[in-house]
Amino acid sequence: MPVRVEVGHIASRSARPPLVEVTPAEGGSADRDSNSGLRTCGHTLANIDFGVADAEQFHRIGGGPMSTEAIAQEITLGAEPTPADMRRVMGQFATGVTVVTGLDDEGPVGFACQSFASVSLEPPLILICADHRGRAWPRIRETGRFCVNVLHEDQSDLCSRFGSSKGRKYEDLDWEVSRWGTPSLPDVLMRVHAEVHEVHVAGDHDIIIGRVLELDTVCEERPMVFFRGKFGIGAPELV
């Protein structure tokens with residue numbers, strides 16, 4: 001069994017990581033699992049030139065292009081940053097987009113995630129962050145293993161599918177179970193199969209250190225990038 005270690009609270013107050021927030025489509029609700037981030041975006045995705053294949057809607061949470069001076073003026077000197085401050089300012093940092101997947105006795109689960117990084121080469125360790133109030137991550141954590149599927153620029157459909165609670169995330173999706181018992185999504189840039197090594201509680205999120213079991217390079221497309229509330233550098237803003 002993988003080692004799962006609770007190391008206690010790192011922060012006394014919640015500070016949400018900068019993520020793509022996926023606003024629920026009609027009849028659905030925002031999925032807490034998708035890090036305070038992939039929770040929808042108010043534009044019809046089909047009208048955005050970044051591989052969006054359905055009518056999910058996305059709203060801007062990065063705050064759009066702002067000068068550093070304008071950002072600084074909006075934050076009261078000496079005051080603790082608000083969640084809105086965190087989203088706006090941290091939205092200046094470009095990230096890739098991943099889908100973290102897992103499989104338990106109830107079936108496959110997953111959530112969209114932008115908080116992903118390499119931690120160590122020896123031993124091979126990675127990091128992801130997940131909202132511990134969500135539904136998918138607690139189930140994945142109990143299994144002790146997960147897969148990080150890194151999306152390419154034409155996979156906004158997967159981003160919206162796993163960033164919202166509406167519908168069945170795996171319905172009509174051509175996925176496979178890896179030899180590690182984790183769901184592998186099709187045609188992604190790369191996959192990282194890992195076991196839960198440590199879990200650190202930090203505000204409303206868990207910081208998960210995963211020990212890498214296997215790496216898959218799937219294709220050589222351009223990566224999906226989320227920056228200042230939009231997909232791609234220099235892309236039309238999401239309003």
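Start counting the sequence shown at 1; every next residue gets the next number (the UniProt record's numbering).
Even for Gly, the Cβ is constructed at its ideal location relative to N, Cα and C.
In its own chain, which residues sit with a C-beta less than 6 angstroms from the C-beta of A94, not counting the 5 before and 5 after it? In the sequence shown, the residue the question calls residue 94 occupies position 94. Cβ within range, chain order: V225 and F227.
Using 8 angstroms as the cut-off, can you tell me whether the stretch 134-154 makes contact with the stretch 95-108, which would need three or more C-beta pairs spanning the two stretches below that distance? yes
Is R222 helix, strand or coil when you go by DSSP? Counting from 1 along the sequence shown, the entry for residue 222 is found at position 222. Looking at R222 - three-state DSSP - the assignment turns out to be coil, as it is neither helix nor strand.
Do G210 and F146 come within 8 angstroms of each other at the CB atom, strictly closer than that value? Residue mapping note: residue 146 aligns to position 146 of the sequence shown, counting from 1. Residue mapping note: residue 210 aligns to position 210 of the sequence shown, counting from 1. Yes, these two residues count as a Cβ contact at 8 angstroms.
R87 - DSSP class collapsed to helix/strand/coil: Counting from 1 along the sequence shown, the entry for residue 87 is found at position 87. Of the three classes helix, strand and coil, the one that applies to R87 here is helix, per DSSP.
DSSP beta-bridge partners of V192: If you number the sequence shown from 1, residue 192 lands on position 192. V192 pairs with V148 and L215.
What three-state label does DSSP hand S118 in the structure shown? Numbered from its first residue, the sequence shown carries residue 118 at position 118. Reduced to three states, the DSSP call for S118 is strand.
Buried/exposed call for V212, threshold 16 Cβ in 10 Å: Stepping through the sequence shown from its first residue, residue 212 is reached at position 212. With 16 or more Cβ atoms within 10 Å of its Cβ, V212 is classed as buried.
Whole-angstrom Cβ separation of D172 and P186, contact assumed at under 8 angstroms? Counting from one through the sequence shown, the residue named residue 172 turns up at place 172. Counting from one through the sequence shown, the residue named residue 186 turns up at place 186. With 8 angstroms as the limit, D172 and P186 do not qualify as a contact, their Cβ atoms being about 12 angstroms apart.
Does the distance from the C-beta atom of H197 to that of L125 stay below 8 angstroms? Here residue 197 refers to the residue found at position 197 when the sequence shown is read from its first residue. Here residue 125 refers to the residue found at position 125 when the sequence shown is read from its first residue. Going by C-beta atoms, H197 is nearer than 8 angstroms to L125.
Option in G91, A112 and E142 with minimal Cα separation from R161: Position 161 of the sequence shown, counting from 1, holds the residue named residue 161. With distances taken between Cα atoms, R161 lies closest to A112.
Enclosing alpha helix (DSSP H) for P138 [first to last residue]: Position 138 of the sequence shown, counting from 1, holds the residue named residue 138. Element bounds for P138: A136 to T143.
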